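*Asks:* Input: one structure, supplied below.
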Amino acid sequence: MWLSTAHIKNAGIIRLNFNPNHRQQAPLTEQFSEEWDQLIDCYLMADYIQAPKYANSIMNALIEKLQKFEVVPVDDYFPLEPFCNSCIKTVNIVWTETVTTSPLRNLILDTLSSTHHAPRYMTEAFFLASSATETPGDNPTVPDDFLELLKLDTQGITPWDAPKSVYHIDEKLPQPNLK
Numbered sequence: 001m002w003l004s005t006a007h008i009k010n011a012g013i014i015r016l017n018f019n020p021n022h023r024q025q026a027p028l029t030e031q032f033s034e035e036w037d038q039l040i041d042c043y044l045m046a047d048y049i050q051a052p053k054y055a056n057s058i059m060n061a062l063i064e065k066l067q068k069f070e071v072v073p074v075d076d077y078f079p080l081e082p083f084c085n086s087c088i089k090t091v092n093i094v095w096t097e098t099v100t101t102s103p104l105r106n107l108i109l110d111t112l113s114s115t116h117h118a119p120r121y122m123t124e125a126f127f128l129a130s131s132a133t134e135t136p137g138d139n140p141t142v143p144d145d146f147l148e149l150l151k152l153d154t155q156g157i158t159p160w161d162a163p164k165s166v167y168h169i170d171e172k173l174p175q176p177n178l179k
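Take the sequence shown: its letter number 14 is residue 14 in full-length UniProt numbering, and every next letter is one higher.
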C-alpha cells in the first residue's frame with residue numbers, strides 16, 4: 001500500500017479482503033494484537049530496507065494504535081498487558097531485530113513506564129522481580145539489556161503526548177563525498 005499511495009491508512013482493508021479467515025469480526029483484543037504485530041513487522045522491514053519515511057509513518061501508526069489501546073477499559077475481558085496483548089513477543093522481537101539506538105526501543109520503554117495497562121509497579125513486578133523469591137520459570141524471558149534499560153527508564157510521558165520527532169528517524173540520506 002505504501003508504494004502506491006505513500007500512506008498506510010487502507011492497508012488493513014486490503015488485508016481483510018484477501019484473508020478468508022476474517023469473515024466475522026474478531027474480539028477487540030485480537031484485533032488490536034493482530035494490527036500491532038503487523039505494524040511491528042512493517043517497522044522492522046522499513047528499518048531493514050532503510051526507508052526512513054516509511055519507518056516514521058509506521059511509527060506514527062504504532063503510537064496511534066497505543067493511544068487507542070490506552071482508552072480501552074480494563075476489565076475481565078481485556079487483560080492487563082501493554083502493546084495490545086503482545087508485550088513479551090514485542091520486546092523479544094524488537095530487541096533481537098533492532099540496533100540499540102532504535103526509536104522503536106525507546107517507544108517500548110516509554111510505553112511501559114507510562115501506560116495504565118501496565119502501571120510502573122506492575123512493570124517492575126512483571127519484569128524486574130527478584131529471582132530469589134520467584135519460582136524458576138515465573139519471569140518472562142526477555143533480553144538482559146532490555147531489563148537494564150527498563151530499570152533506568154523514567155520517561156513518564158506517554159508516547160502520544162511526546163513530540164513525534166522523539167521517535168522518528170532522520171529522513172535525510174547521507175550525501176556521498178565527491179572529492
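Glycine included, each C-beta is placed from N, C-alpha and C at the ideal position. Bear in mind that the values here come from a model prediction, so they are computed numbers and not experimental data.
Which of the three DSSP states is assigned to I108 in this structure?
*Replies:* Locating residue 108 in the sequence shown gives position 108, counting from the first residue. Helix, per DSSP.
*Asks:* Can you give me the Cβ contacts of T100 inside the same chain, cut-off strictly under 8 Å, excluding the 5 residues immediately before and after it?
*Replies:* Looking up residue 100 in the sequence shown gives position 100. Here the set comprises D145.
*Asks:* Using CA atoms only, rank isn't needed, just tell me which of D170, Q31, S57 and Q67 is closest to T115.
*Replies:* Against the sequence shown, residue 115 aligns to sequence position 115. It is Q67 whose Cα lies nearest to the Cα of T115.
*Asks:* Here's the rule I'm using: 16 or more other beta-carbon atoms within 10 Å means buried, otherwise exposed. How should S57 be labelled?
*Replies:* Locating residue 57 in the sequence shown gives position 57, counting from the first residue. When all chains shown are included, S57 counts as buried.
*Asks:* Within the continuous alpha helix (DSSP H) that includes Q67, where are the two ends?
*Replies:* As a first step, residue 67 must be located in the sequence shown, where it is residue number 67. Residues P52 to E70.
*Asks:* What would DSSP say about K164, mapped onto helix, strand or coil?
*Replies:* To locate residue 164, count along the sequence shown from 1; it is residue 164. Under the three-state reduction of DSSP output, K164 falls in the helix class.
*Asks:* Would you mind sorting residue 189 into buried or exposed? The rule is 16 or more other CB atoms within 10 Å of its CB.
*Replies:* Any answer about residue 189 is impossible in this case: the structure gives the chain only from 1 up to 179.
*Asks:* Relative to the C-alpha of Y43, which candidate in E148, P27 and L107 has its C-alpha closest?
*Replies:* Mapped onto the sequence shown, residue 43 falls at position 43. With distances taken between Cα atoms, Y43 lies closest to L107.
*Asks:* Skipping 5 residues on each side, what residues in its chain have a beta carbon closer than 8 Å to that of W95?
*Replies:* Reading the sequence shown from its first residue, position 95 is the one you call residue 95. Same-chain partners within the cutoff: R105, V142, P143, D145 and F146.
*Asks:* Compute the distance between the beta-carbons of P103 and M59, then report whether it is under 8 Å.
*Replies:* Translated into the one-based positions of the sequence shown, residue 103 becomes position 103. Translated into the one-based positions of the sequence shown, residue 59 becomes position 59. Contact: yes.
*Asks:* Residues in the same chain with beta-carbon distance under 6 Å from P52, minus the five sequence neighbours each way, listed in chain order, please.
*Replies:* Here residue 52 corresponds to residue number 52 of the sequence shown, with the count starting at 1. Only I169 and E171 meet the Cβ criterion.
*Asks:* Would you report the Cα separation of L152 and L109, rounded to the nearest angstrom?
*Replies:* Taking the first residue of the sequence shown as 1, we reach residue 152 at position 152. Taking the first residue of the sequence shown as 1, we reach residue 109 at position 109. If I take the Cα positions, the gap works out to 10 Å.
*Asks:* When DSSP labels each residue in this structure, what does residue 186 get in the three-state scheme?
*Replies:* In the structure as shown, the chain begins at 1 and stops at 179. Residue 186 is therefore absent and cannot be evaluated.
*Asks:* Does DSSP put S33 in a helix, in a strand, or in coil?
*Replies:* Working through the sequence shown from its first residue, we reach residue 33 at position 33. Three-state DSSP puts S33 in a helix.
*Asks:* With a Cβ-Cβ cutoff of 8 Å, do T90 and I40 count as a contact?
*Replies:* Reading the sequence shown from its first residue, position 90 is the one you call residue 90. Reading the sequence shown from its first residue, position 40 is the one you call residue 40. Result yes, Cβ atoms of T90 and I40 sit closer than 8 Å.
*Asks:* Alpha carbons only, please: which of W160, Y48, S113 and E34 is nearest the one belonging to L149?
*Replies:* Position 149 of the sequence shown holds residue 149. Out of W160, Y48, S113 and E34, S113 has the C-alpha closest to the C-alpha of L149.
*Asks:* Would you mind working out which of I93, F69, I88 and S33 sits nearest P159, comparing C-alpha positions?
*Replies:* Your numbering for residue 159 matches position 159 in the sequence shown. Scanning I93, F69, I88 and S33 for the CA closest to the CA of P159 turns up F69.
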